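> Residue numbers (full-length UniProt numbering): 1 to 341.
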Amino acid sequence: MGVKRYLINISYIGTLFRGIQRQTPRGPDAVADPSTVQGLLEIALDRMKPKHPVVTLCASRTDQGVHALKSSVTVDLDFSYEPSPNIIHKFLNNFFDDTQLPIRVQEVRQVPIDFNARKMPLWRKYIYRFATLKPNSLTDDRLSKNLLPIPITEFDRCYFVSDSKFDLEAVNKTCELFIGTHDFITFMGKPKLQPEDISTIRCMHQLYVEPSQCHVPSSFDDYFNYWLLTCTGKSFLYNQIRRTVSVLLSVGQGKLTVDDVRQMLLEPSPSSYPQNLALAPACGLYLADIFYDPADMALPDVEEKIDEKKVEEEREKTNKELIKERLEILKLRKDKEMSIS
């Protein structure tokens, strides 16, 4: 049947996983990795019995506890039979349903064999959900994390801040500083494995915070104001968004000023980041969308197939005309022979 490349769009709740990216090594002694989203996806695809070992490529590398409304993975598959994308789609969701895992496949489509899920996105969109206490909604003895009245529908889905002070105007004024191309090394965390030659120059297309709401309205809404941060760009550095959220929250609470953040961007350096500033929790972060140029995902178009058909039709037409011409020549020869005799 031949190797085909598929783009798989997935959603997941990241609380139970060690991130999306496979943690165990590949190779002759490779073992399955049921602790990550990528590892589980490969286990599921392997059960479809492809001819070769399953190796997927993730478009983004979300950390442990981070969620995804839409992430993308590519995989090259070759079967002794030929399943349609819908068959693969249904098989994967059956697997995740049976195993009761919070992963959902949203789409499977065939893409060109040179399509690269990681390098080809035009932009990625992340959102960060957090909530601040409404003024005077709780007494001081209820302000610790495990005493907050957090709705169960928001548990590990939103960052709850036990502080009522939040200046939205100052936060969005600070957001404007991030838009455009900058050296964001100040906002990059320190991953265990990091290429030494990585560029820390990134372009941020959008960054803003707006009022939001709880997933399911309830009486607990009396305690919190919900907020949604939206951030888009082609790519981001390790922990860049969560560190940015930490800084913006500090601005909203009056612990940092707009000028403090401006200086972080003007003097890019790991030492420019406040050393005592805690990293915003993973639970509030969602990979919301990944956008590709439709032309990059398109298989050879219908017009090419139509042209091939026309060529074949012309070839058949020519053959018929040649046969007709030969028959006419034979007829003329026969008539000539008869006239001579």
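Positions of the beta carbon are idealized from the N, C-alpha and C atoms, including for glycine. Treat the numbers as computed from the prediction; the structure is a model and nothing was measured.
(1) What is the DSSP secondary structure of Lys4, counted as helix, strand or coil?
(2) How far does the alpha helix (DSSP H) with Pro211 in it extend, from its first residue to its last?
(3) Got a sec, what are the start and stop residues for the beta strand (DSSP E) Gly233 sits in?
(4) Please determine, among Ala117, Lys145, Asp98 and Ser80, the residue with the shortest C-alpha to C-alpha distance to Thr74.
(5) Please list the segments of the beta strand (DSSP E) lying wholly inside the region 29 to 107, counting only runs of 3 or more residues, in order along the chain.
(6) Considering only the beta carbon of each residue, do Thr56 and Leu41 sit closer than 9 Å?
(7) Between which two residues does the beta strand (DSSP E) containing Asp289 stretch?
(8) According to DSSP, what are the bridge partners of Tyr128?
(9) Label Asp33 either buried or exposed according to how many other C-beta atoms from any shown protein chain fall within 10 Å of its C-beta, with 16 as the threshold for buried.
(10) Could you tell me the alpha carbon to alpha carbon distance between Ser269 and Thr186, rounded to whole angstroms?
(11) Nearest-angstrom Cα distance between Tyr292 and Thr181?
(12) Rounded to a whole number of angstroms, what is the C-alpha to C-alpha distance between Phe236 and Arg202?
(13) Among Gly65, Ala59, Ile88 and Asp114, which residue has its Cα nearest to the Cα of Pro300?
(14) Taking one C-beta from the region 216 to 233 and one from the region 126 to 142 each time, how about it: are there three or more such pairs within less than 8 Å?
For this structure:
(1) Lys4 falls in the strand class under three-state DSSP.
(2) Unbroken run through Pro211 is the beta strand (DSSP E), Ile201 to Pro211; no alpha helix (DSSP H).
(3) Gly233 -> beta strand (DSSP E) spans Phe224 to Gly233.
(4) Closest option to Thr74, Cα to Cα, is Ala117.
(5) The DSSP assignment places complete beta strand (DSSP E) segments of no fewer than 3 residues inside the region 29 to 107 at 56 to 58 and 67 to 77, in order along the chain.
(6) In this structure, the beta-carbon distance from Thr56 to Leu41 falls below 9 Å.
(7) For Asp289, the enclosing beta strand (DSSP E) has its first and last residue at Leu285 to Phe291.
(8) Leu229 and Leu285.
(9) Counting the other CB atoms within 10 Å of its CB gives Asp33 a total of 16 or more, which places it among the buried residues.
(10) Their Cα atoms are separated by approximately 5 Å.
(11) Counting only the Cα atoms, Thr181 lies some 21 Å from Tyr292.
(12) The alpha-carbon atoms of Phe236 and Arg202 are separated by roughly 7 Å.
(13) Pro300 has its Cα closest to that of Asp114, out of Gly65, Ala59, Ile88 and Asp114.
(14) Between the region 216 to 233 and the region 126 to 142 there are three or more C-beta pairs closer than 8 Å, enough to call the two in contact.
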